[in-house]
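Let me begin by presenting the structure, written as structure tokens, before commenting on it.
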Amino acid sequence: MFRIERKDRTASTNQDMENLIRQAMANGKDITEYQTIIADFQDSGRGQKGNFWHSAAGQNLLASIYFHPPVSAARQFVFNEYFALAVRQVLADIIGEVKIKWPNDIYVGDKKIAGILIEHAIVGDAIRYTIAGLGLNLNETDFPADLPNPVSLSQITGEQYDILEFTDKILTSCQRFSSLLKPENRAALETEFLSHLYRINEWASFEIGGQCVEARITGVDACGRLLLEGRAGEQWCCGMKEVRFR
Numbered sequence: 148m149f150r151i152e153r154k155d156r157t158a159s160t161n162q163d164m165e166n167l168i169r170q171a172m173a174n175g176k177d178i179t180e181y182q183t184i185i186a187d188f189q190d191s192g193r194g195q196k197g198n199f200w201h202s203a204a205g206q207n208l209l210a211s212i213y214f215h216p217p218v219s220a221a222r223q224f225v226f227n228e229y230f231a232l233a234v235r236q237v238l239a240d241i242i243g244e245v246k247i248k249w250p251n252d253i254y255v256g257d258k259k260i261a262g263i264l265i266e267h268a269i270v271g272d273a274i275r276y277t278i279a280g281l282g283l284n285l286n287e288t289d290f291p292a293d294l295p296n297p298v299s300l301s302q303i304t305g306e307q308y309d310i311l312e313f314t315d316k317i318l319t320s321c322q323r324f325s326s327l328l329k330p331e332n333r334a335a336l337e338t339e340f341l342s343h344l345y346r347i348n349e350w351a352s353f354e355i356g357g358q359c360v361e362a363r364i365t366g367v368d369a370c371g372r373l374l375l376e377g378r379a380g381e382q383w384c385c386g387m388k389e390v391r392f393r
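Counting from 148, one number per residue, gives the positions in the sequence shown under my numbering.
Structure representation (structure tokens):
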């Protein structure tokens, strides 16, 4: 049902998708919603904040998915919430408790099982299209020692998973959750996102503005910034580069 292109090796599936979109536009053609490129290995896979995404060849799900979301540029974090929830649900159906670490990593306990990289093409106040990059640890069981906290689905369940079949599960979940992007369902989307947010309302250590503070996450604002409260009632509203989990 979904159009999925699989490559043995590439530099970046997000860049491949961008090239595909530009080529289609130049020829007056359309890209199908949920069209996907997956690769067995990426030479230059990227994560948030320009980080490199590690993945052993042929072991994990490395995908870039095309969307044309009904979301304004000003409220683009709505898409992050939607996509993270769709990915989380597929994993939760298999292993139960799964959390979303702001802004959009997927965690099992205190270990990272997936990372998401969202790239929007914005024209004026509208999102022309979105590429959602996903790196999901599926079958890898031997990670490099310098990775801080990785875990794979196979390590948790002892099973091996077919990458194409799992990609189809992710896309089906994206389709199922798509109604949450409608303006009338935005409140329900935010409630669902916060209900699965890693460390929400839990006292923990964070680094904010170069200082280590004890705080708890209270929510996310309309621009996608993390809201935190300190023990003495201090309030912080932090963008992606302004706060670090400890």
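The C-beta atom is built at its ideal place from N, Cα and C for all residues, glycine as well.
By the criterion of at least three beta-carbon pairs nearer than 8 Å, the stretch 280–299 is not in contact with the stretch 220–228.
At least 9 Å separates the beta-carbon of Gln182 from that of Phe230.
For Ala273, the pairing in a beta bridge is given by DSSP as Ser219, Val270. A distance below 6 Å between beta-carbons, with the five flanking residues on each side excluded, links Asp163 to the following residues of its chain, in chain order: Thr157, Ile184. For Ile310, the enclosing alpha helix (DSSP H) begins and ends at 310–324. Per DSSP, the unbroken beta strand (DSSP E) holding Ser211 starts and ends at 208–214. The secondary-structure analysis by DSSP pairs Ser352 across a beta bridge with Glu361. For Phe392, there is no enclosing alpha helix (DSSP H); the residue is found in the beta strand (DSSP E) stretching over 390–392. Shown here, Tyr254 sits in a strand according to DSSP, grouped into three states. When secondary structure is reduced to three states using DSSP, Pro297 falls in the strand class.
Its Cα nearest to that of Tyr276, the residue His267 stands out among Phe324, His267, Leu327.
Excluding its 5 nearest sequence neighbours in each direction, Ala233 has C-beta neighbours in its own chain below 8 Å: Ile317, Ser320, Cys321, Arg323, Phe324, listed in chain order.
Judged by DSSP in its simplified three-state form, Val367 adopts strand. In the three-state DSSP reduction, Thr338 falls in the helix class (H, G or I).
The bridge partners DSSP lists for Ile247 are Ile253, Leu344.
Less than 9 Å divides the Cβ of Leu327 from the Cβ of Arg333.
In the displayed model, Arg156 falls within coil according to three-state DSSP, outside both helix and strand. DSSP places Ile242 in no beta strand (DSSP E) but in the uninterrupted alpha helix (DSSP H) bounded by 224–242.
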